[in-house]
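**Student:**
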Amino acid sequence: MKMRLAALLAAAAVMGGCGEGLILLPMPDATVPGPSGGAGTPTGPRDEAPGPCEAQAAVSTHPEALSRALREAAGDAGPGKGAKQEAEGARMLVRLRRGAALPSGQLERLGLQVRRELPAHASVAVSGSFRQLAALAGDPAVEALEVDRKVRALAPVPVGSVAEYTPGLKQVQAPAVWDANGDGVLDTGAPTGSTIRVCVIDSGIDPRHPELRTAYRGGWDFVDDDGDPSDQTDGVWGGGHGTHVAATIAAQLGEAGARDARTPEGGVVGVAPGVELYAVRVLDLQGEGMTSDTIAALRWCREHGAHIASMSLGADSESATERAAIDEAVRGGMLVVAAAGNGGNDKPLAYPAAYPGVVAVGAVDSRGGLGSFSQTGEGLSLVAPGMNVLSASIVGSGREARVEVGGQAATSRPLSGSGVGAVTGQVVDCGLGGDKASCGAGATCGGFVAYVDRGGDILFADKVRNVRAQGATAVIVGNSEDGLGAFDLGEGSWIPTVSVSRRTAEALKAGALRQGGQATVEVLGTDYATLSGTSMATPHVSGVAALVWSAHPALSASQVRALLEQSAKDLGPAGRDAEYGSGLVQAAEALRLAGG
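Structure representation (structure tokens):
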């Protein structure tokens, strides 16, 4: 049986090219074979050379390829769609010829589901599989089948500030690609990673974060086995590793969360803010996971159309099963990008970075110097910024401190794990905070600000517990060295606790502590964090790959990789080497090499 489907075949071949959205228009002079086969022969004059759309019309007549084209054109084949939607295929508008009518019950007999009747326009919206729609297309009463396309809110053009462009972002040339004039607005038509699906296999994300809400499309949690890949279990949130990685790729211009004084007003922007972001959780609250979950995650990403898998995780030893899964993903056309590892320059690459076919990424500082923690090896592909990278974290998990003593502001830093809140009260010298009598007569159950010295082989957590038991509602820790230190309270529920430098501590002892003065300690919750590691370098490369691929969607994964390596900025010894690979990834240079 021959059907009038030449334009339908054109849509299957073009896949979003010319005539996007239009699946079937009447072409009385063209016939093609139906599902049963047979050689259809176009008829009618063909004096002119075919146009770019017509030239692709006969690429594929395979029912499966045609079915896939229908589903994608109708928007029903995207990630996260259920089996029922996949079986239904496309949702279409059926337009009848003038004066024609379909026999009663014809649509139902074909197995098509009526979605909307539009009698004023002699049309009806239906959904169905390829074969059902193909059968309908052969009906002489049907003039045209057209995608019942999706419409979306026309969101305002994202406007931010160049202050959101982190040093790492500029180091990989991302703003030069999508904001060439430096006005804080994405340039019209510039590559932003749009249409590219990036799967972040990590600890999950915080989908509440303003930086991620626009880009996030969905995911899966292989730790808790559910469809919510949030970085949390039973309401307890993790450390934000996956959120930090995901935002380095996909954070949005002008969509800031709560920030501290060091974070720009607009927050941050990712390397490829136009990507479609998918998150797959394989790491638990302690940042640990199982190889089997990583393997399952790769399969999930492949099944949901991911172009790029970004893996800021690894192990010291090889797994034959994991290697086979990586090989399968690479052969299937996915670009797999993985962190080199943080064990130091004398250690070989971690896995999966060390597997052939994986883009292994090391970390450099703002001057291009290799991070002391970055693992190396002959298989290293590229390096990217991985030192003190500012990005999003779990909402409210970041900390910003403010200390004022005797009316004078003092530079401070919250201890990791510190509670949030603002406390004003008399500051009391509690020495080393070594026991529950350390604050002496100054302690009061009405509340006070405790000052404790670092040292004495006493854990910070124990110091805080001891002074809290005496009535302290906030704690200032005086460092015994220059600088603020980077101290950790560990897990628990803590009162606001901050550290100050040795110089500030000495001034406290000479002034407010001696005179019984007042102090204010305030710790604010923020939505950003500064982290270092090859985990932070990896998403920079994933984002640059997305920029290149969105500009040249016909490229294969291996071609994208080759462009990144060939255009990288050479660092270290001339040419490729074990410490820097091909060099520092460069977005603008890769696009120049690709032809714009």
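Heads up, the sequence shown is in my numbering, so the first residue is -19 and it goes up one at a time.
Even glycine gets a Cβ: it sits at the ideal position worked out from N, Cα and C.
All of these numbers come straight from a predicted model, not from anything done at the bench.
Do THR175 and SER530 count as a contact pair if the criterion is CB distance below 7 Å?
**Tutor:** For SER530 and THR175, yes; Cβs fall inside 7 Å.
**Student:** I'd like the span of the beta strand (DSSP E) that includes TRP200, first residue to last.
**Tutor:** Looking at the DSSP string, the run of the beta strand (DSSP E) that includes TRP200 is 196 to 201.
**Student:** In angstroms, rounded to a whole number, what distance separates the CA positions of ARG279 and VAL317?
**Tutor:** About 15 Å.
**Student:** Skipping 5 residues on each side, what residues in its chain have a beta carbon closer than 6 Å to that of GLY465?
**Tutor:** Cβ neighbours of GLY465 beyond the five flanking positions: ASN459, SER479.
**Student:** Do you know offhand how far CYS419's Cα is from VAL251's?
**Tutor:** Taking the straight line from one Cα to the other gives about 51 Å.
**Student:** Which value, in whole angstroms, describes the spacing of the CA atoms of LEU329 and ALA320?
**Tutor:** The alpha-carbon atoms of LEU329 and ALA320 are separated by roughly 5 Å.
**Student:** What distance in whole Å lies between the Cβ atoms of VAL152 and ILE288, which are believed to be in contact at a cut-off of 8 Å?
**Tutor:** Not really, about 15 Å apart at Cβ, beyond 8 Å.
**Student:** Helix, strand or coil: which one does DSSP assign to GLY(-1)?
**Tutor:** Low confidence applies to GLY(-1): its pLDDT is 32, below 50, so where it sits in the model is not reliable, and the reading given next is rough at best. Of the three classes helix, strand and coil, the one that applies to GLY(-1) here is coil, per DSSP.
**Student:** Once DSSP output is grouped into helix, strand and coil, what is the label at THR21?
**Tutor:** Confidence is the limiting factor: at THR21 the pLDDT is only 31, short of 50, which leaves the residue's position unreliable, though a coordinate-based value still follows. Of the three classes helix, strand and coil, the one that applies to THR21 here is coil, per DSSP.
**Student:** So, is the C-beta of GLU486 closer than 7 Å to a C-beta in chain B?
**Tutor:** Considering every chain present, this structure includes no chain B. It has just one protein chain.
**Student:** Using 8 Å as the threshold, is the region 374 to 385 in touch with the region 513 to 521, meaning 3 or more CB pairs across them?
**Tutor:** As far as the Cβ criterion goes, the region 374 to 385 does not touch the region 513 to 521, which means the pair count is below three.
**Student:** Near VAL403, what residues of its chain come up, given a Cβ to Cβ distance below 8 Å and the 5 sequence neighbours on each side ignored?
**Tutor:** Within the same chain, VAL403 has close Cβ partners GLY427, VAL429, THR453, ALA454, ILE475, PRO476, THR500, VAL501, GLU502.
**Student:** Using DSSP bridges, identify the partner residues of LYS549.
**Tutor:** Beta-bridge pairing links LYS549 to LEU564.
**Student:** Once DSSP output is grouped into helix, strand and coil, what is the label at GLY342?
**Tutor:** Looking at GLY342 - three-state DSSP - the assignment turns out to be strand.
**Student:** What is the DSSP secondary structure of ASP167, reduced to helix, strand or coil?
**Tutor:** In this structure, ASP167 counts as coil in the three-state DSSP scheme.
**Student:** Is the region 122 to 133 in contact with the region 69 to 76, if contact means three or more CB pairs nearer than 8 Å?
**Tutor:** A contact exists between the region 122 to 133 and the region 69 to 76.
**Student:** Distance, Cα to Cα, GLN112 vs ARG261?
**Tutor:** When rounded, the distance between both Cα atoms is 38 Å.
**Student:** Using the Cα positions of ARG239 and TRP217, report the straight-line distance between them to the nearest angstrom.
**Tutor:** Using only the alpha carbons, I get a separation of about 19 Å.
**Student:** From GLY491 to ALA277, what does the alpha carbon distance come to, in whole angstroms?
**Tutor:** Answer to the nearest angstrom: the Cα atoms are 58 Å apart.
**Student:** Could you tell me which of GLY219, LEU257, GLN212, ASN161 sits nearest to ALA227, measuring between CA atoms?
**Tutor:** Answer by Cα proximity: LEU257.
**Student:** Output needed for GLN566: all residues of its chain with C-beta closer than 7 Å, excluding positions within five of it in sequence on either side, in chain order.
**Tutor:** So the list reads VAL152, GLN153, SER547, ALA548, LYS549, once near-sequence residues are dropped.
**Student:** Going by Cα to Cα distance, which pick from PRO519, GLU358, LEU350, VAL344 is closest to PRO336?
**Tutor:** It is GLU358.
**Student:** For PRO190, which residues from the same chain have a beta carbon less than 6 Å from its beta carbon, with the 5 sequence-adjacent residues on both sides left out?
**Tutor:** So the list reads GLU235, GLY237, once near-sequence residues are dropped.
**Student:** When we look at the beta-carbon of CYS425 and count the other beta-carbons within 10 Å, is it buried (16 or more) or exposed?
**Tutor:** It is exposed - the Cβ of CYS425 has fewer than 16 other Cβ atoms within 10 Å.
**Student:** Is the beta carbon of LEU543 closer than 7 Å to that of ALA568?
**Tutor:** Their beta carbons are not under 7 Å apart, which means ALA568 does not touch LEU543 by this criterion.
**Student:** Mind pulling the beta strand (DSSP E) runs of 3 or more residues that sit fully within the region 191 to 250?
**Tutor:** Those beta strand (DSSP E) runs which fall completely within the region 191 to 250 and span 3+ residues are 196 to 201.
**Student:** Measure from the alpha carbon of ALA537 to the alpha carbon of each residue in GLY313, ILE438, GLY505, VAL407, then state which is nearest.
**Tutor:** The option with the nearest alpha carbon to ALA537 is GLY313.
**Student:** What span of residues does the alpha helix (DSSP H) with ASP307 cover, start to end?
**Tutor:** 300 to 311 is the span of the alpha helix (DSSP H), which, as asked, contains ASP307.
**Student:** Expressed to the nearest angstrom, what Euclidean distance is found between the alpha-carbon atoms of TRP200 and PRO244?
**Tutor:** Computed Cα separation, rounded: 32 Å.
**Student:** Are the Cβ atoms of VAL249 and ALA231 separated by less than 7 Å?
**Tutor:** Yes. Within cutoff.
**Student:** By Cβ distance below 7 Å, which residues in the same chain neighbour GLY496 in space, the five residues on each side in sequence not counted?
**Tutor:** Only GLN406 meet the Cβ criterion.
**Student:** Which of the three DSSP states is assigned to PRO476 in this structure?
**Tutor:** Note: PRO476 maps to coil in three-state DSSP.
**Student:** Mark GLY435 as exposed unless 16 or more other C-beta atoms lie within 10 angstroms of its C-beta, in which case mark it buried.
**Tutor:** GLY435 comes out exposed.
**Student:** Along the beta strand (DSSP E) that carries VAL375, what are the first and last residues, could you check?
**Tutor:** Element bounds for VAL375: n/a, residue is neither H nor E.
**Student:** Spatial neighbours of ASN161 within its chain, please: C-beta separation below 8 Å, excluding the five flanking residues on both sides.
**Tutor:** Same-chain partners within the cutoff: ASP167.
**Student:** In terms of residues, what are the limits of the alpha helix (DSSP H) holding GLY148?
**Tutor:** Per DSSP, GLY148 belongs to the alpha helix (DSSP H) from 147 to 151.
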